[in-house]
Every structure is written in C-alpha cells, then in structure tokens.
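Here the protein sequences come in this chain order: P and W.
According to this note's numbering, the first sequence is numbered sequentially starting from 1.
According to this note's numbering, the second sequence is numbered sequentially starting from 196.
Number of protein chains: 2
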Amino acid sequence: MSYRLPPLNSLRAFEASARHLSFKRASDELCVTPGAVSQQVKSLEASLGVQLFRRLPRGLLLTAKGESYLPLISNAFRAISDATEHVAPTLKGRLLRVGISRPLSGRRHPAIERLRRGGDWPRTKLTTTDDLSKLIDGKLDVLLRTSPQSPPGLHADRIALPVPSGAALPATLVTLPGLAGCREVRALLRLLTRA
Amino acid sequence: MSYRLPPLNSLRAFEASARHLSFKRASDELCVTPGAVSQQVKSLEASLGVQLFRRLPRGLLLTAKGESYLPLISNAFRAISDATEHVAPTLKGRLLRVGISRPLSGRRHPAIERLRRGGDWPRTKLTTTDDLSKLIDGKLDVLLRTSPQSPPGLHADRIALPVPSGAALPATLVTLPGLAGCREVRALLRLLTRA
DNA sequence: CGTGTTGACTTAGATTTTCTAAGCCATGAA
DNA sequence: TTCATGGCTTAGAAAATCTAAGTCAACACG
C-alpha cells in the first residue's frame, strides 16, 4: 500500500491560491511572498503534467482540471486539520493568554496597542511578564519578548515589531510546542508584524 | 477559512511509519534513510506537542493518540492520492514502456536482467533506444540512459546502477513530468537501484 | 493620454529544511 | 559470545524553498 502524493507543500500552495483565486492573497494566508507561491504552484503543475490555473494579467482562473481538483484537496486538508485538532487540541475558544515583557508593553507599539484595545480575532488576555516558567506551567499560551533566547523545548518565532517611526524592533514570540503554528498563534503573529 | 496543518512531510513520515510500525520499512517506502524518518516523526511530535509512538528497542508501538490519528490521516492521504490520479492519470494498468540505451542494455546488469525476465511489478515492456523524442511523443514512458543530460521539460532521476562486480554505474532515468513520482516509476527506481 | 497601482512572472542568491553518513546502544538469535 | 537488527543522535552536505528585485500587461483616474 502506497499513495501517489504530489509534493505536499506545493499542494498546499495550490489549495490556498485556488480558494482565493490569487497568489497574492494565498501568500498572505501562508505567510510567504507571492513569488514563493507562484513557484510552488508551477512546480506542482510540472510534477502533475497538468495545467491547474489560467494566469491572467491581473488574477487567476482555474482550469477545468484545477476546478475538479480543488474541492477534493480542500476536503482532504480539512480532514487533516480536524484530525490534528482532535489529537492535539488547542484553545477550544478560550482567550489566548499573551505575556508581554515590560520593555515591549511599556512603550507604545501600534500592534500591541491594537491588541490591548481588543476587537480583533483571536481574543486575547494580555499580561505584562517575561516569565518563561508561566508558559511551561500552562498559565500562559505565548510570550512576547525582546530577548532572542529560544529556550530548548519551546517554539520561538522571531518577528519584527513595527514601531511608530516606521522602523521595526526585533522580538521573539515563544510558544508551547503544542500551540505553535495553530490558527490563533498564526493570526497573532500577523497582527503583531502588521504596521 | 484556514486550516491547522502540521508540517505535511512530517505527517507523511508518520503515516508510513505507523502503517509499517517501523521507521526502517517506512524509509524504504519513502526512499530515504531511517534516520530521516526518525527526525521527521520527532519534529511532528514536537510540533503537535503529542507523543505518537512508543519507541521500543526493536520496533515501534502507537500510543493511543497515534492510534486514533493514523486512520484519519491515512484516509486523507488516500483522498489526495485518488484525486491526483483522477486529474493526472498515469498508466491505468498498461505496461510501463521503458527505453534503455544500448550501452546499458548490452552489458549484463543484474537489475536490468531482472526486468527483462519480468515477473516483478510494475510489468514492463523494454526497448533498446536512447531516443528522447519517443518519450516526448508518448511512445515511451521512461528512458534509462548513461548520459546525465536532463533535457528541459522532462523529469530526470540520477541513479546508481549496480554492476555484477558490486560497484555501481551512474545512470539517469528520464520521465515525462506527468509520470514522474508515480508509484510505477518509483517502484522501477527501486528495482533498478537494488543490487 | 500619462501616471500609479495591482498582480501576475522570472531569476539569483540566501536561508531553511531535510537527508545522509557514521557511530551508539539495547535486544534477541545463532 | 558474537552478530544482526532497528531504534537513536549528530555534524555536515545537499536540496528545497523563500526573498528581493526587477519586468510586464491591464486597468483606473485625473
């Protein structure tokens, strides 16, 4: 028993692009540049030997084959997503508990101000702290700090936090492994890095 | 709409390992070393924050979570596999038409002799030729040659062809893009590289 | 009509991921 | 005991992937 699986990362790029009918919007969802998505999709088409999109000067159209491929692949991804949520559940609707180290919470950062105001998804509960042990003990879901230290066993995302001047401040978002990469954290990352 | 997808290549390593209950056998199926599979699975477990296997000194056991994850993931992969076969059909049961360039077909190579005798899967039809245009025209499915040239637009796998002395001869298997990576070709690659 | 914006594309080079190779260790068979 | 098996780890090599920068065609607007 063995499957015929195309390159799965390319498949993911296809699925997002087809759903949005845009490499640009797909690239936002996948947190990469449009060029990367374009390359991935091209390599998928090459490996299948099948044209999936018609490229228009401004935007995309699915070919007949692409059209029939999309729902099947989306269903499979949904199944994987559900299964994953089932064996490794994440927030289950509660607030995302975000720790923010003092130096970041003190100064006014547009992104953090926005969080503080609330209203965005994911809903968050902010605390000023830099205590990794709270993360480990499950009192906190993620911790935003300036120190680039990535303690072993935890997941760390390095991000560039915009400051009012237009520049950016390097920071690190530390996450418990079971939460890293989940939708809520991905959305938070996007919120934080947006100007 | 967005999914929670773990690293998909790691997921593939998990699925194969769980099905075989062995990194070793999974690595044969995936055509990589056992170490690579071990690493992939470990990184999946880390990213989910969940233990999927119990490692015994000789062999694997699924944990309860692994056990419940496996069938869901297998189904999703089967769905992707079926969908892929549907939009980009490959052989549909007919013989795999293999071209072999004269220098390789002349000398006696254990792997090629085995092919010639037949009996293995995939069933093949061998022809002595080195004519790439036959590939392009669809008269041939794959072409095995000594020249490492990889003509643009075709897929090429570099392989090491065992010779009776125990050494190996570098060769190239050229494939139409739509066929590259399909089960039949993967099996052929395995046959050819086996001593 | 220019001019600006958008969103596709390509390419080189950097970065990150993934794989291999080699060695280690515990088990069980000969 | 000695060997084979099949896990594990690690460094470094190899491959895949991403970014950055620049191109081009379509469209909207003044």
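Note that CB positions come from ideal geometry on N, CA and C, so glycine has one too.
(message) Given this structure, state the Cα-to-Cα distance separating P/V98 from P/A160, to the nearest angstrom.
(response) Roughly 17 Å separates the two Cα atoms.
(message) Spatial neighbours of P/D130 within its chain, please: C-beta separation below 6 Å, excluding the five flanking residues on both sides.
(response) These residues qualify, in order along the chain: S101, R145.
(request) Compare the C-alpha of P/K24 against each of P/K134, P/P89, P/G59 and name the closest. (result) Among P/K134, P/P89, P/G59, the Cα nearest to that of P/K24 belongs to P/G59.
(request) Using the Cα positions of W/P317 and W/E210, report the straight-line distance between them to the nearest angstrom. (result) So the alpha carbons of these two residues sit roughly 24 Å apart.
(message) Quick check: is the beta carbon of W/F248 nearer than 8 Å to any beta carbon in chain P?
(response) Judged by the 8 Å Cβ criterion, W/F248 is not in contact with chain P.
(request) Measure from the alpha carbon of P/G178 to the alpha carbon of each residue in P/S105, P/G106, P/A26, P/A156, then state which is nearest. (result) For the options P/S105, P/G106, P/A26, P/A156, the alpha carbon positioned closest to that of P/G178 is the one of P/A156.
(request) Determine, using beta carbons only, whether P/V174 and P/L132 come nearer to each other than 8 Å. (result) It is a contact, given that the beta carbons lie within the stated cut-off.
(message) Check this for me: beta carbons of P/L154 and P/L140, under 8 Å apart or not?
(response) At the C-beta level, P/L154 and P/L140 stay beyond 8 Å of one another.
(request) List the residues of chain W whose Cβ lies closer than 7 Å to the Cβ of P/P6, in chain order. (result) Going along chain W in sequence order, the residues near P/P6 (Cβ under 7 Å) are T279.
(message) Taking 8 Å as the threshold (C-beta atoms), are W/A208 and W/L225 in contact?
(response) Yes, the Cβ-Cβ distance between W/L225 and W/A208 is below 8 Å.
(message) Within the continuous alpha helix (DSSP H) that includes W/T279, where are the two ends?
(response) First-last of the alpha helix (DSSP H) with W/T279: 259 to 282.
(request) Could you tell me if W/A363 is buried or exposed, where buried requires 16 or more neighbouring beta carbons within 10 angstroms of its beta carbon? (result) By the 10 Å Cβ count, W/A363 comes out exposed.
(message) Any beta carbon from chain P within less than 8 Å of W/E308's own beta carbon?
(response) Closer than 8 Å to the CB of W/E308 there is not a single CB belonging to chain P.
(request) Output yes or no for whether 8 Å exceeds the beta carbon distance between W/L257 and W/L247. (result) If you check the CB distance, W/L257 and W/L247 come in under 8 Å.
(request) Report yes if the C-beta distance between W/L200 and P/S74 is below 8 Å; otherwise report no. (result) Cβ atoms of W/L200 and P/S74: not closer than 8 Å.
(message) Could you check whether the Cβ of P/V174 sits closer than 8 Å to any Cβ belonging to chain W?
(response) With its beta carbon at least 8 Å from every one in chain W, P/V174 lies outside the interface.
(message) Is there a C-beta anywhere in chain P that falls below 8 Å from the one on W/V282?
(response) The Cβ of W/V282 sits closer than 8 Å to at least one Cβ of chain P.
(request) Quick one: grab the DSSP three-state call for P/K125. (result) Residue state, collapsed to three classes: strand.
(request) Taking only beta-carbon positions, decide if P/I80 is within less than 8 Å of chain W. (result) Yes, contact with chain W.
(request) With 8 Å as the threshold, decide whether the Cβ of W/V245 is near any Cβ in chain P. (result) True, the Cβ-Cβ gap to chain P drops below 8 Å.
(message) Am I right that W/A283 and P/G35 are in contact with their C-beta atoms under 8 Å? What's the rounded C-beta distance?
(response) Contact doesn't hold; Cβ gap of about 25 Å is too wide.
(request) For chain P, find out if any of its Cβ atoms is closer than 8 Å to the Cβ of W/L330; answer yes or no. (result) So no, W/L330 is outside the interface.
(message) Which residues in chain P have a C-beta closer than 7 Å to the C-beta of W/N260? List them in chain order.
(response) Sequence check: residue 260 of chain W is Lys here, not Asn. Under the 7 Å cutoff, chain P gives V87.
(message) Within the continuous beta strand (DSSP E) that includes W/L203, where are the two ends?
(response) It is not in any beta strand (DSSP E) - W/L203 instead sits in the alpha helix (DSSP H) that spans 203 to 215.
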